[in-house]
């Protein structure tokens, strides 16, 4: 059995499923649902119907895009990879509807679990028969669609319930939950896992989504600003608009460099929930909550949520205070707080001169 699994490149590991597959799923989600939401919002604001339609087409393909991305991460053969498009569509559709019949948040989570299972089963039968072109797609699709019918609605219900609980708890205890959500999602953003996939799976929106945005921005902008003396403009852009994950190697060497962004997120999180009532109501279902300033997706998602709220009547208008809150929580406070905390840690010797130096810089 071990020899068979090795020959089929089937590896049961937390890294392959929890990091590689989940990270790829987030990329697939970004290239479909998230980019579609951005384009659609742009089209609505500029009154360009073509962009609105284009955004709708992109968003509709989120399930297949996620599943194919997962298959790619698992190094699935071509026939398995292409078959996963059907699996992703079924899992996303059935997982996005809760058991009570309402719109759910579990589509991405259902796609992740079911696409992994279907891909591994497809890999197991791939090229084992002389009619591989029939057997492999059939087995992959049957496995994925059957699992979607059996467990995707339950996954959607569970994910929706958990996401609703987090949002309810944040409304009930905005200060403490603001800290918890902001810090935990921010940490997930910097770790080699996908904070965007986590937020999408839970449908993390509302006040909880706003706290998540604040935490992610604190990590990205925080590391970018506090390491400016080592990495200059290249590091500012690569971390501030790219990813704070670039610092993981340095964090392993000296975990204390993580303290300033974490403290910054612990401050901006409750500010978002208690003072500014900063919400993420992005129509994409929460994926932008875990993106931070990566391509400015977090702020764009917040803005898209404002537009959607105005269109549905949930919000009267976008105010100057809204823009001020976004500026402070997503850019100014993360940079200022992390820089101040970083300077303090440098003075007491917890952070050395090159502890934040990126290899690429």
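Residue numbers (this note's numbering): 220 to 580. In this text, a Cβ means the ideal position worked out from N, Cα and C, and glycines have one as well.
Cβ shell of residue i (< 8 angstroms), same chain only, five flanking positions each side left out
{"i": "residue 467", "result": "409, 410, 411"}
{"i": "residue 535", "result": "529"}
{"i": "residue 268", "result": "262"}
{"i": "residue 222", "result": "none"}
{"i": "residue 352", "result": "298"}
Backbone CA spacing between residue i and residue j [nearest angstrom]
{"i": "residue 280", "j": "residue 256", "result": "12 angstroms"}
{"i": "residue 482", "j": "residue 459", "result": "17 angstroms"}
{"i": "residue 317", "j": "residue 451", "result": "A caution first: residue 317 carries a pLDDT of 49, below 50, which makes its placement in the model unreliable, though a value can still be read off. Cα to Cα, the separation comes out at about 48 angstroms."}
{"i": "residue 441", "j": "residue 303", "result": "38 angstroms"}
{"i": "residue 347", "j": "residue 547", "result": "58 angstroms"}
{"i": "residue 365", "j": "residue 563", "result": "57 angstroms"}
{"i": "residue 574", "j": "residue 406", "result": "19 angstroms"}
{"i": "residue 425", "j": "residue 332", "result": "26 angstroms"}
{"i": "residue 230", "j": "residue 342", "result": "11 angstroms"}
{"i": "residue 509", "j": "residue 524", "result": "15 angstroms"}
{"i": "residue 479", "j": "residue 561", "result": "6 angstroms"}
{"i": "residue 462", "j": "residue 507", "result": "14 angstroms"}
{"i": "residue 476", "j": "residue 520", "result": "29 angstroms"}
{"i": "residue 413", "j": "residue 375", "result": "19 angstroms"}
{"i": "residue 220", "j": "residue 309", "result": "31 angstroms"}
{"i": "residue 457", "j": "residue 516", "result": "15 angstroms"}
{"i": "residue 404", "j": "residue 307", "result": "26 angstroms"}
{"i": "residue 232", "j": "residue 432", "result": "30 angstroms"}
{"i": "residue 236", "j": "residue 391", "result": "34 angstroms"}
{"i": "residue 175", "j": "residue 469", "result": "Outside the shown range of the chain (220 to 580) lies residue 175, about which nothing can therefore be said."}
{"i": "residue 395", "j": "residue 270", "result": "40 angstroms"}
{"i": "residue 350", "j": "residue 423", "result": "45 angstroms"}
{"i": "residue 369", "j": "residue 363", "result": "10 angstroms"}
{"i": "residue 278", "j": "residue 565", "result": "45 angstroms"}
{"i": "residue 322", "j": "residue 234", "result": "At residue 322, the pLDDT of 42 sits below 50, so the modelled position is not reliable; the number obtained from the coordinates is stated separately. Their backbone Cα atoms lie some 31 angstroms apart in a straight line."}
{"i": "residue 296", "j": "residue 542", "result": "47 angstroms"}
Residue from the options with nearest C-alpha to residue i
{"i": "residue 254", "options": "302, 272, 376, 239", "result": "272"}
{"i": "residue 556", "options": "290, 278, 268, 485", "result": "485"}
{"i": "residue 578", "options": "454, 520, 568, 308", "result": "454"}
{"i": "residue 243", "options": "233, 270, 286, 264", "result": "286"}
{"i": "residue 245", "options": "533, 330, 470, 403", "result": "330"}
{"i": "residue 276", "options": "350, 566, 250", "result": "250"}
{"i": "residue 446", "options": "571, 542, 297", "result": "571"}
{"i": "residue 448", "options": "576, 369, 278", "result": "576"}
Sequence-distant residues of the same chain with beta carbon closer than 6 angstroms to residue i, five excluded per side
{"i": "residue 544", "result": "495, 497"}
{"i": "residue 239", "result": "292"}
{"i": "residue 552", "result": "487"}
{"i": "residue 427", "result": "385, 386, 389, 400"}
{"i": "residue 367", "result": "309, 310, 313, 333"}
{"i": "residue 326", "result": "311, 314, 315"}
Check whether residue i and residue j have beta carbons under 9 angstroms apart
{"i": "residue 301", "j": "residue 372", "result": "no"}
{"i": "residue 501", "j": "residue 527", "result": "yes"}
{"i": "residue 554", "j": "residue 443", "result": "yes"}
{"i": "residue 538", "j": "residue 393", "result": "no"}
{"i": "residue 436", "j": "residue 559", "result": "no"}
{"i": "residue 284", "j": "residue 313", "result": "no"}
{"i": "residue 416", "j": "residue 241", "result": "yes"}
{"i": "residue 289", "j": "residue 360", "result": "no"}
{"i": "residue 397", "j": "residue 489", "result": "yes"}
{"i": "residue 282", "j": "residue 258", "result": "no"}
{"i": "residue 252", "j": "residue 419", "result": "yes"}
{"i": "residue 434", "j": "residue 471", "result": "no"}
{"i": "residue 499", "j": "residue 429", "result": "yes"}
{"i": "residue 522", "j": "residue 305", "result": "no"}
{"i": "residue 511", "j": "residue 439", "result": "yes"}
Same chain, Cβ closer than 7 angstroms to residue i, five either side skipped, listed in chain order
{"i": "residue 421", "result": "324, 378, 381, 382, 385, 505"}
{"i": "residue 227", "result": "342, 343"}
{"i": "residue 299", "result": "290, 338, 341, 342, 345, 355, 359"}
{"i": "residue 319", "result": "Low confidence applies to residue 319: its pLDDT is 39, below 50, so where it sits in the model is not reliable, and the reading given next is rough at best. For residue 319, where only same-chain residues beyond five positions count, there are no Cβ hits under 7 angstroms."}
{"i": "residue 265", "result": "none"}
{"i": "residue 294", "result": "228"}
{"i": "residue 464", "result": "409, 411"}
Residue i Cβ short of 8 angstroms to the ligand NAP heavy atom set
{"i": "residue 458", "result": "Here there are no bound small molecules, and the ligand NAP is not part of this structure."}
I'd like the ranges of any beta strand (DSSP E) spanning at least 3 consecutive residues and lying wholly in the segment 291-340.
Qualifying beta strand (DSSP E) stretches: none in this window.
Taking the runs of the alpha helix (DSSP H) that are 4 residues or longer, which of them lie wholly in the segment 470-508? Restricting attention to alpha helix (DSSP H) runs no shorter than 4 residues, the segment 470-508 encloses them at 478-489, ordered along the chain.
Self-check item: Complete alpha helix (DSSP H) runs within the segment 525-568 (minimum length 4 residues, chain order)
Solution: The segment 525-568 contains these whole alpha helix (DSSP H) runs: 539-546, 552-566.
*What are the start and end residues of each continuous beta strand (DSSP E) run of 3 or more residues lying completely inside the segment 403-445, in chain order?*
Listed in chain order, there is nothing to give.
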